[in-house]
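Using my numbering, count along the sequence shown one by one with no gaps and you end on 286. Using N, Cα and C, we set each Cβ at its ideal position, and we do this for glycine too. Beneath this line is the structure, given in C-alpha cells, with notes to follow.
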Amino acid sequence: MSDNQNLLAEQRRALILDEVRRRGGVRVNELTRKLNVSDMTVRRDLDALARQGVVEKVHGGAVPVVEASSHEPGFEAKSGLELGAKEAIARAAAELVTPGSAIALSGGTTTYSLAHRLLDVPDLTVVTNSVRVADVFHTAQRRPGAQSRDGAATVVLTGGVRTPSDSLVGPVADRAIGSLHFDMLFLGVHGISVEAGLSTPNLAEAETNRQFVRSARRVVVIADHTKWGTVGLSSFASLEDVDTLVTDAGIPEVLRAEISEYLSDLVVAGEADSPSPADS
C-alpha cells in the first residue's frame, strides 16, 4: 500500500489525534484504512504524537493522554483493544465456573467477553452491575427455542447510576451487592499494580467494587497484560484480596515472578499446561 501523498504529515497527524480524542482510542489497522496509508506510516505518526505527549501508544494502537488517574474511557473505546487477549482470558476464566454456582461479574469489556462463554453453563445465578453483561444473557434467552432450554442462567442486574463503561454504581448498587453472597466474583479492572492494588478512575465504581469483593468467597481478576502498572484515581482492593489472576501470554516473565509473590494462583491464558511462578 502506498502512502497517501494528498495529506501532509502534520495534517495526517492532526486527523489521527482528533480520531483518538473523539473515540477514546484507535487501532493501527483502523487508521491505515481510514487514511489509506501504510502501517509503517501510521506507526511513525503515532510515535511523533507520543513524543509530543498528546497520545499514549498501547499495543496495537493509541489512546489519548489526559489526567491518567481520572480518565475513564467509554465501553466502545475499550472494546476494540486487546481483543485476542480478552477472548483467551474469557475462555480460561470460563473453565473455573461450576454449574449451579452463584457468580458475580463486574463491568468491563473482559467480563463482557466472559459472559458469552458462560451461556452454556447450566443453572448459574449471575449477579452483575454491567448493562452489557446482562444484555448478553437476556438476548440469548430471547432467541427462538431458548425458553425451552433447561438450565438457563438466572440474571440479577443491580440498579444504580450508569458510568461511561456502562456499569451501574452508587448507593443502590452497593446495597444490592452488599446483601448477597457469591461463590465467585469475576472482576475486570482499569489498573493493577503492587503499590496501588486494583484501581479505577471512577470513585463511585471503586466503592461498588469494594462491595463485590466483600461479598465473594473467591475473587478472580480477569485483566490483560496492558492493565499491569496502570493506576486509576481510586484503589478498591489490594493484591492480597485477590485469589486468582487470569491474564494473557503477553505478560512478561519478570511480572509473573513479581505477581507470584502476592498471589497464590496465576492463570496465563493459552498456557494452561505450563506451571505459573506460583507453582514453583
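Residue i in three-state terms, based on DSSP
{"i": "R33", "result": "strand"}
{"i": "R220", "result": "helix"}
{"i": "S240", "result": "strand"}
{"i": "E277", "result": "coil"}
{"i": "R168", "result": "strand"}
{"i": "A159", "result": "coil"}
{"i": "G90", "result": "helix"}
{"i": "L102", "result": "coil"}
Assumed close pair residue i, residue j - CB separation to whole angstroms, cut-off 8 Å
{"i": "G276", "j": "D249", "result": "That belief does not hold up - the Cβ atoms of G276 and D249 are roughly 21 Å apart, past 8 Å."}
{"i": "T164", "j": "I183", "result": "6 Å"}
{"i": "L21", "j": "L41", "result": "7 Å"}
Contact under 8 Å by Cβ, residue i with residue j
{"i": "K63", "j": "A56", "result": "yes"}
{"i": "T169", "j": "E211", "result": "yes"}
{"i": "A139", "j": "P105", "result": "Looking at the sequence shown, residue 139 is not Ala but Val. Cβ atoms of V139 and P105: not closer than 8 Å."}
{"i": "S136", "j": "D172", "result": "yes"}
{"i": "F192", "j": "I109", "result": "yes"}
{"i": "V69", "j": "V61", "result": "yes"}
{"i": "V273", "j": "A98", "result": "yes"}
{"i": "L111", "j": "L125", "result": "no"}
Chain D contact for residue i (CB, 8 Å cutoff)
{"i": "L41", "result": "The question asks about chain D, but that chain is absent: this structure has only one protein chain."}
Reference residue i, options the options, closest by Cα
{"i": "L204", "options": "S136, L251 and A140", "result": "L251"}
{"i": "V227", "options": "G66, T131, L21 and G113", "result": "G113"}
{"i": "V265", "options": "S240, G235, P70 and F242", "result": "Note that residue 265 is Ile in the sequence shown here, rather than Val. I265 has its Cα closest to that of G235, out of S240, G235, P70 and F242."}
{"i": "L186", "options": "T131, N42 and A121", "result": "T131"}
{"i": "G157", "options": "G197, D129 and R138", "result": "D129"}
{"i": "E201", "options": "S240, P150, T47 and S44", "result": "S240"}
{"i": "H231", "options": "L261, E25 and R148", "result": "L261"}
{"i": "D271", "options": "D247, R33 and L209", "result": "D247"}
{"i": "T206", "options": "R224, F192, P177 and A243", "result": "A243"}
{"i": "V34", "options": "R27, V133 and G67", "result": "G67"}
{"i": "L245", "options": "G30, R39 and V219", "result": "V219"}
{"i": "H122", "options": "L102, V133 and F143", "result": "F143"}
{"i": "G6", "options": "Y268, R19, G176 and F188", "result": "Because residue 6 is not part of the residues shown, which for the chain are 7 to 286, the question remains open."}
{"i": "G256", "options": "G90, V43 and T115", "result": "G90"}
With 16 other Cβ atoms within 10 Å as the buried cut-off, status of residue i
{"i": "Q217", "result": "buried"}
{"i": "K92", "result": "buried"}
{"i": "H196", "result": "buried"}
{"i": "R223", "result": "exposed"}
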